[in-house]
Amino acid sequence: MKTHCLNLLKLTAAGLLAVLAPEFSRAQNEIQIQSTINVPGLTRPIPVSLQGFSGEVAEALKFDLYVQGFAFVAPGAAQYQISGSDAGSVQGSVVDVVAHKTILSRRYTGADLRRQAHAFSDDIVFAITGKKGIAQTKIAFKVEHGGGGGEIYVADYDGYNAEAVTHDGAIVAAPAWVPGRLAVYYTSYKLGNPDIFFQDLSTGQRRVFAAFAGLNTSAAVSPDGSRVAMILSKSGSPDVWECSAGGSDWMDLTKTREDESSPCWSPDGRWICYATKIRERRLLAKVPAGGGPRQVIRTIGAANPSEPDWSPDGKWIAFTSQMGEFDICVVPASGGNATILVRGQDPSWSPNSRTLVFTRRTGSYRYVVSVLDVFTKQVKDIRQIPGNDSEPDWAK
Amino acid sequence: MTFDGQTNMQPKEKFMKMKLICLPALALALSLAATGCKHKPVGVTPLPGEGQVGEQNPNTLGGGNQLPPTTPPVATPMTQTGIPESATWNLADMTQDRQALAAYTIHFAFDSAAIRSSEQANLQSVASALSSDASAKLLIEGNCDERGTEEYNRALGERRALAAREALAQMGVDPNRIRTISYGKDKPADPGHDESAWAKNRRDDFVLLHPKTGA
Numbered sequence: 001m002k003t004h005c006l007n008l009l010k011l012t013a014a015g016l017l018a019v020l021a022p023e024f025s026r027a028q029n030e031i032q033i034q035s036t037i038n039v040p041g042l043t044r045p046i047p048v049s050l051q052g053f054s055g056e057v058a059e060a061l062k063f064d065l066y067v068q069g070f071a072f073v074a075p076g077a078a079q080y081q082i083s084g085s086d087a088g089s090v091q092g093s094v095v096d097v098v099a100h101k102t103i104l105s106r107r108y109t110g111a112d113l114r115r116q117a118h119a120f121s122d123d124i125v126f127a128i129t130g131k132k133g134i135a136q137t138k139i140a141f142k143v144e145h146g147g148g149g150g151e152i153y154v155a156d157y158d159g160y161n162a163e164a165v166t167h168d169g170a171i172v173a174a175p176a177w178v179p180g181r182l183a184v185y186y187t188s189y190k191l192g193n194p195d196i197f198f199q200d201l202s203t204g205q206r207r208v209f210a211a212f213a214g215l216n217t218s219a220a221v222s223p224d225g226s227r228v229a230m231i232l233s234k235s236g237s238p239d240v241w242e243c244s245a246g247g248s249d250w251m252d253l254t255k256t257r258e259d260e261s262s263p264c265w266s267p268d269g270r271w272i273c274y275a276t277k278i279r280e281r282r283l284l285a286k287v288p289a290g291g292g293p294r295q296v297i298r299t300i301g302a303a304n305p306s307e308p309d310w311s312p313d314g315k316w317i318a319f320t321s322q323m324g325e326f327d328i329c330v331v332p333a334s335g336g337n338a339t340i341l342v343r344g345q346d347p348s349w350s351p352n353s354r355t356l357v358f359t360r361r362t363g364s365y366r367y368v369v370s371v372l373d374v375f376t377k378q379v380k381d382i383r384q385i386p387g388n389d390s391e392p393d394w395a396k
Numbered sequence: 397m398t399f400d401g402q403t404n405m406q407p408k409e410k411f412m413k414m415k416l417i418c419l420p421a422l423a424l425a426l427s428l429a430a431t432g433c434k435h436k437p438v439g440v441t442p443l444p445g446e447g448q449v450g451e452q453n454p455n456t457l458g459g460g461n462q463l464p465p466t467t468p469p470v471a472t473p474m475t476q477t478g479i480p481e482s483a484t485w486n487l488a489d490m491t492q493d494r495q496a497l498a499a500y501t502i503h504f505a506f507d508s509a510a511i512r513s514s515e516q517a518n519l520q521s522v523a524s525a526l527s528s529d530a531s532a533k534l535l536i537e538g539n540c541d542e543r544g545t546e547e548y549n550r551a552l553g554e555r556r557a558l559a560a561r562e563a564l565a566q567m568g569v570d571p572n573r574i575r576t577i578s579y580g581k582d583k584p585a586d587p588g589h590d591e592s593a594w595a596k597n598r599r600d601d602f603v604l605l606h607p608k609t610g611a
């Protein structure tokens, strides 16, 4: 928060300059002032020091803090000094250097050291930013083992404690969590066709959810869990469909000849956003849940958008732009100027609407899952499963 | 470690056993599909039936590790109710001849599902093969190059397969004899990363289907 204050000071100084020198600024180019506090891609990381931790605990703390917008500096240069130990169990404290105040001091027992480190980092994030951390969240993703076949996995958000959900060796795609439940939908070619499966992870039970002729893919569950959006081609063209979680009340929401893909829900459950093509231009659009007129969501500055994901706080839509390469972008949910963040594709928001998990292509055409702090653009690959890891979905 | 200790989820939440209302849903969906045709844009022909649901074999699904074992999906019986006159059929009841029509693979321009005029001869050959054998059916596999996101390509591949189905229908082939499947970019013909490979990968493959003996 001190960084924020410093930035604010700089901003004020710049603003004063602009006010005091109107003639000068008119003679030159107009001065442009933009806040860089919590702006996607422009925010400066918060400098912290980290002392007294080793091995897995230090590694987990560093990963957690880096992908949530912190930078590691010497204690003298730190805004917050984090210190502690991991002998037997994790204990640690955070000192606010400017306020000369200890703002957090805790000891963690139970579970394992890694979980304790994650719990500590969540407390650090909350103490400094007032936001809930992401260190104890889950993701699902697909792993391709070559030749197309693969499995759906679930793991901690950093890739640890990964477990296979399927054991079919079939082409799989598009895993999607049910909000608030240990359950996922995914696409599998297991039965010879791309079909949507539902699987309860607490019981292991699964069933075929949608297996119409043609394409069945990209299930997305409404925030209240009662509805499912997906792509079906049973009407003769890939359209966004919606039905109840029980598999009734099927509705074709986009009766176009073009191909729609990757539906997602607004957090209030009122809209379904998706990628489509209108007059040969690839665009993002949204339709009211339950059906209604389509509205285009403009992504100025980012062409060929696909794979939208609406942030849980309702403010942003993250998506993939394809302009030669694939880029991760965000745009205000109502549409407007897009911000291009980093190379990558298929973003999915963290529950706290600050971090994205996405797919990154390596130089050798391998696909890995990474996490990205939207404000600072700090990126780290998560722990990988051998093969091509892609299409991550963050549990919410 | 189990997943039951997560703080961001509600573990052990009662699994509301979702009722399989698939039969009425199926009937409704089919009747909607049947009555909804006139609202569809030109050049879009609904796919027949819901044949795939009948294909699942509970005994072939399984697995398990630290997660609770994966149990097979509940078998949903097929119903013929509400299906229009077109008979449904299952891919599982057909043998696949990948060689017969391999020479007639058609290719597409980048990010396009439009059939080029240069591909008409190949499509005519596929139509002829179907007209000379009334028991034969057709599987069209739509594919894409890697220059598109995964699910975008899965939809584009389906559109490519459906475009060929539409063209064959215009040549007089009963569209109910045709099934489509999209592999997106999962099954490249050429694993390369240049235009020459991409051009080969933007394609529809045609697979001739024959009824299994005894089926």
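Residue numbers (our numbering), protein chains in the order written: chain A, 1 to 396; chain B, 397 to 611. Here a beta-carbon is modelled for each residue, glycine too, at the ideal position from N, C-alpha and C. Quick caveat: nothing in here was measured; it's all calculated off a predicted structure.
Ala117 of chain A and Gly314 of chain A have their C-alpha atoms roughly 30 Å apart. The beta carbon of Leu526 of chain B is closer than 7 Å to those of Ala532, Leu534, Val569, Arg573 in its chain, skipping five residues each way along the sequence. Between the alpha carbons of Arg360 of chain A and Arg543 of chain B lies a gap of roughly 14 Å. Interface with chain B (8 Å Cβ-Cβ cutoff): Asn388 of chain A is excluded.
For Leu232 of chain A, the enclosing beta strand (DSSP E) begins and ends at 227-232.
Pairing Ala551 of chain B with Leu215 of chain A gives a Cβ-Cβ distance under 8 Å. Using a Cβ-Cβ distance cut-off of 8 Å, the region 341-358 of chain A and the region 307-323 of chain A are in contact, since at least three pairs of beta carbons, one from each stretch, lie closer than that value. Restricting attention to A:Gly344, A:Gly169, A:Ile31, A:Val172, the CA atom closest to the CA of Gly363 of chain A is found in A:Gly344.
Residues of the region 117-141 of chain A whose Cβ lies closer than 9 Å to any Cβ of chain B, in chain order: Ala119, Asp122, Lys132, Ile134, Gln136, Thr137, Lys138. Chain-order list of chain B residues neighbouring Glu307 of chain A: Thr545, Glu546, Glu547, Tyr548, by C-beta distance under 9 Å. Around Ile577 of chain B, the beta-carbon contacts reaching into chain A at under 9 Å are Tyr189, Gly192, Asn193, Pro194, Gly214, Leu215. Of all residues in the region 339-371 of chain A, only Gln345, Asp346, Pro351, Tyr365 come within less than 7 Å of chain B when Cβ atoms are compared, listed by chain position.
Counting only the Cα atoms, Ile511 of chain B lies some 15 Å from Glu280 of chain A.
DSSP assignment within the region 491-533 of chain B yields the following whole alpha helix (DSSP H) runs of 4 residues or more, N-terminal first: 516-527. When C-beta atoms of the region 171-183 of chain A are compared with those of the region 81-95 of chain A, fewer than three pairs fall below 8 Å, so the two segments do not count as touching. Membership of Phe126 of chain A in any beta strand (DSSP E) is not indicated; the residue belongs instead to the alpha helix (DSSP H) covering 113-129. Assignment of Pro351 of chain A by DSSP, reduced to helix, strand and coil, places it in the coil class.
Contact check for Phe198 of chain A and Ala183 of chain A: beta-carbon distance about 7 Å, within the 8 Å limit, so the pair qualifies.
In this structure, the alpha-carbon of Asn38 of chain A lies about 6 Å from that of Phe375 of chain A.
Shortest Cα-Cα distance from Val67 of chain A to any of A:Ser218, A:Thr43, A:Thr299, A:Glu151 involves A:Thr43. Contact note: Gly236 of chain A reaches chain B through Lys436, Val440, Thr441, Pro442, Leu443, Leu558, using a C-beta cutoff of 7 Å and chain order.
Residue burial is scored here from C-beta neighbours: Lys142 of chain A has at least 16 other C-beta atoms within 10 angstroms and is therefore classed as buried. Secondary-structure assignment with DSSP links Trp394 of chain A through a beta bridge to A:Ile139. Around the C-beta of Arg598 of chain B, 16 or more other C-beta atoms lie within 10 Å, and the residue is accordingly described as buried. Note that the C-beta distance between Glu56 of chain A and Leu113 of chain A is below 8 Å.
The beta carbon of His589 of chain B sits closer than 8 Å to some beta carbon of chain A. Under the rule that a run must span 3 or more residues, the beta strand (DSSP E) segments found entirely inside the region 188-229 of chain A read 195-200, 206-210, 216-221. Think of a sphere of 9 Å around the beta carbon of Ala275 of chain A: the chain B residues whose beta carbon falls inside it are Thr545, Glu547, Tyr548, Ala551, in chain order. Per DSSP, the unbroken alpha helix (DSSP H) holding Trp594 of chain B starts and ends at 591-597. Across the set A:Ser235, A:Asp252, A:Thr299, the C-alpha of A:Asp252 shows the shortest separation from the C-alpha of Ala229 of chain A. One alpha carbon belongs to Gly150 of chain A, the other to Asn388 of chain A, and they sit about 9 Å apart. In terms of Cβ geometry, Val357 of chain A and Ser390 of chain A do not form a close pair [threshold 8 Å]. In this structure, Asp489 of chain B lies near Lys608 of chain B, with their beta-carbon atoms less than 8 Å apart.
Leaving aside the five residues that flank Ile300 of chain A on each side, the residues in its chain whose CB is nearer than 7 Å to its CB run, in chain order, Gly336, Asn337, Ala338.
Residues of chain A whose Cβ lies closer than 9 Å to the Cβ of Ala488 of chain B are, in chain order, Leu191, Gly192. For Gln566 of chain B, the enclosing alpha helix (DSSP H) covers residues 546-566.
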